[in-house]
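Enquirer:
Residue numbers (UniProt numbering), protein chains in the order written: chain A, 1 to 62; chain B, 1 to 62; chain C, 1 to 62; chain D, 1 to 62; chain E, 1 to 62; chain F, 1 to 62.
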């Protein structure tokens, strides 16, 4: 059941694979549960869709 | 208010309509509330964005 | 992988079990996937923590 | 840390910027915390992916 | 349909009511939709359950 | 901005601290971003509130 949602920027397939592998490894060790129990979802967000400190990231990173 | 989020694969419009209709029917009966109270969101995820057991679904389903 | 999150009021164990069973049955039939693939999380919210139309549910349901 | 997720329709960049700015301003005042502490994510949903009262929005708004 | 989730610290009922009212007012004006369309959920998180920069908030705020 | 939500069972403070530390370390290395950019939320779920394969975890783990 444990379910990990990663909300971040647009990423390459390789980086997504690395996050999935590493998050699962960490979770398996900390919770002492089999790898198959873990699901990871990577949500990629455009910089027009994220704001920090009241400003869109697309504006902050011009 | 009840709000149902379905995270799954890419689906046809017909299947999304069916999930919305059936989830709402089930919720209405179990909670004994009017259908209008229920919102369903279908989040479609590419197989590069989901990992199970430490591997991307796109790798598992090659 | 499919993952269903139900955000709603505080519920009895029986009603939570019924939602889990029925949501899984519906999903299994629509997606034609084995039941084991589906995870359902029931998030119970106090009426002080939910607002509709700008008002807390606890105020609306006095 | 406070994190605000807005699930709604597809929006223009100007409207997304306005939501980010105003949600951050409200949160800063109510919680009395610096603006930098707040993250806002705007999730845009197609009308085929949202259901209210058991029907897809795309069907309701034909 | 628009649905706003606020993830933050434990708050008083008054502050939750204020967030609901103000988020709804902002959303109504920006999207030009009736207030009744908006749902707000306030998720309160203990400082043991939130980490920033790799540390639990409870440790950072000792 | 990156934001990591971990949905799982009830955990000790030590295990929550470990997940926060390790998820942040992994994310920092994969995304090459400063640790301060990452927020982790640990959502603990009772076994009456989670279903897998159509059954509540509390029933499966009797």
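The C-beta atom is built at its ideal place from N, Cα and C for all residues, glycine as well. The structure presented is a predicted model; accordingly, all values stated were derived computationally and were not measured.
Kindly indicate which three-state DSSP category residue 44/E falls into: helix, strand or coil?
Expert: Position 44 of the fifth chain, counting from 1, holds the residue named residue 44/E. Of the three classes helix, strand and coil, the one that applies to residue 44/E here is strand, per DSSP.
Enquirer: Can you tell me whether residue 56/F is helix, strand or coil according to DSSP?
Expert: Position 56 of the sixth chain, counted from the first residue, corresponds to residue 56/F. Strand.
Enquirer: Where do the ends of the beta strand (DSSP E) carrying residue 23/B lie?
Expert: Locating residue 23/B in the second chain gives position 23, counting from the first residue. Run containing residue 23/B: none in the beta strand (DSSP E); it sits in the alpha helix (DSSP H), 13-31.
Enquirer: Could you pull out every residue in the same chain whose Cβ sits closer than 6 Å to the Cβ of residue 38/C, ignoring the five residues on either side in sequence?
Expert: Taking the third chain and counting its residues from 1, the one referred to as residue 38/C is at position 38. Taken in chain order, the residues that qualify are 2, 24 and 27.
Enquirer: Cβ closer than 7 Å: which chain E residues qualify as neighbours of residue 1/B?
Expert: Reading the second chain from its first residue, position 1 is the one you call residue 1/B. What residue 1/B touches in chain E: 39.
Enquirer: Within the continuous beta strand (DSSP E) that includes residue 6/D, where are the two ends?
Expert: The sequence position of residue 6/D within the fourth chain is 6, counting from 1. Segment 3-8, the beta strand (DSSP E) holding residue 6/D.
Enquirer: Going straight from the alpha carbon of residue 15/D to that of residue 60/F, what length do you get?
Expert: Within the fourth chain, residue 15/D is the residue found at index 15, counting from 1. Within the sixth chain, residue 60/F is the residue found at index 60, counting from 1. Answer to the nearest angstrom: the Cα atoms are 47 Å apart.
Enquirer: How big is the Cα-Cα spacing for residue 32/D and residue 17/B?
Expert: The count along the fourth chain starts at 1 and reaches residue 32/D at position 32. The count along the second chain starts at 1 and reaches residue 17/B at position 17. Going by the C-alpha atoms only, they are around 43 Å apart.
Enquirer: Compare the C-beta of residue 63/C with all C-beta atoms of chain E and state if any pair is closer than 8 Å.
Expert: Nothing about residue 63/C can be read from this structure; chain C reaches only from 1 to 62.
Enquirer: Measuring alpha carbon to alpha carbon, tell me which residue in 53/A, 20/A, 48/A and 44/A is nearest residue 34/D.
Expert: Residue mapping note: residue 34/D aligns to position 34 of the fourth chain, counting from 1. Closest option to residue 34/D, Cα to Cα, is 53/A.
Enquirer: Using the Cα positions of residue 11/A and residue 20/A, report the straight-line distance between them to the nearest angstrom.
Expert: Within the first chain, numbered from 1, the residue matching residue 11/A stands at position 11. Within the first chain, numbered from 1, the residue matching residue 20/A stands at position 20. Rounded to whole angstroms, residue 11/A to residue 20/A spans 12 Å at the Cα level.
Enquirer: Using a Cβ cut-off of 8 Å (strictly closer), state whether residue 72/B contacts chain D.
Expert: Nothing in the structure corresponds to residue 72/B, since chain B is present only between 1 and 62.
Enquirer: Note down, in chain order, every chain C residue with its Cβ under 8 Å from the Cβ of residue 32/F.
Expert: Here the question's residue 32/F lines up with position 32 in the sixth chain. Ordered by position in chain C, no residue passes the 8 Å Cβ test against residue 32/F, which lies about 28 Å from the chain.
Enquirer: I want to see whether chain D comes within less than 8 Å of residue 8/E, judged by CB atoms only; does it?
Expert: Working through the fifth chain from its first residue, we reach residue 8/E at position 8. Yes - at least one Cβ of chain D is within 8 Å of the one on residue 8/E.
Enquirer: What is the rounded straight-line gap between the Cα of residue 8/D and the Cα of residue 43/A?
Expert: Numbered from 1 along the fourth chain, position 8 holds the residue referred to as residue 8/D. Numbered from 1 along the first chain, position 43 holds the residue referred to as residue 43/A. Cα to Cα, the separation comes out at about 16 Å.
Enquirer: Write down the C-beta distance between residue 6/D and residue 50/D rounded to the nearest angstrom, noting that I regard them as a contact closer than 8 Å.
Expert: For the purposes of this step, residue 6/D is taken as the residue at position 6 of the fourth chain. For the purposes of this step, residue 50/D is taken as the residue at position 50 of the fourth chain. Not really, about 13 Å apart at Cβ, beyond 8 Å.
Enquirer: What do you get for residue 22/C, buried or exposed, if any count of 16 or more other CB atoms within 10 angstroms of its CB means buried?
Expert: Position 22 of the third chain, counted from the start, is the residue given in the question as residue 22/C. Buried, since its Cβ has 16 or more Cβ neighbours within 10 Å.
Enquirer: Closer than 8 Å, CB to CB, is residue 63/E near chain C or not?
Expert: Because chain E in this structure spans residues 1 to 62, residue 63/E falls outside the shown range and cannot be described.
Enquirer: So with Cβ pairs under 8 Å, would you call residue 55/E a contact of chain F?
Expert: What you label residue 55/E is simply residue 55 of the fifth chain in a count that begins at 1. So, interface residue.
Enquirer: Compare the Cα-Cα distances from residue 36/D to each of 47/A, 57/A, 13/A and 62/A and report the closest residue.
Expert: The count along the fourth chain starts at 1 and reaches residue 36/D at position 36. For the residues 47/A, 57/A, 13/A and 62/A, the minimum Cα distance to residue 36/D belongs to 57/A.
Enquirer: Comparing the C-beta of residue 15/E with each C-beta of chain C, is any distance below 8 Å?
Expert: Along the fifth chain, read from residue 1 onward, the residue named residue 15/E stands at position 15. Closer than 8 Å: no.
Enquirer: State the CB to CB distance for the pair residue 48/C and residue 13/E, rounded to an integer number of angstroms; the pair is presumed to be in contact (CB under 8 Å).
Expert: The count along the third chain starts at 1 and reaches residue 48/C at position 48. The count along the fifth chain starts at 1 and reaches residue 13/E at position 13. That pair is a contact at about 5 Å.
Enquirer: Just checking: is the beta-carbon of residue 4/D within a distance shorter than 8 Å of some beta-carbon in chain E?
Expert: The residue you call residue 4/D lines up with position 4 of the fourth chain. It does; some Cβ of chain E falls within 8 Å.
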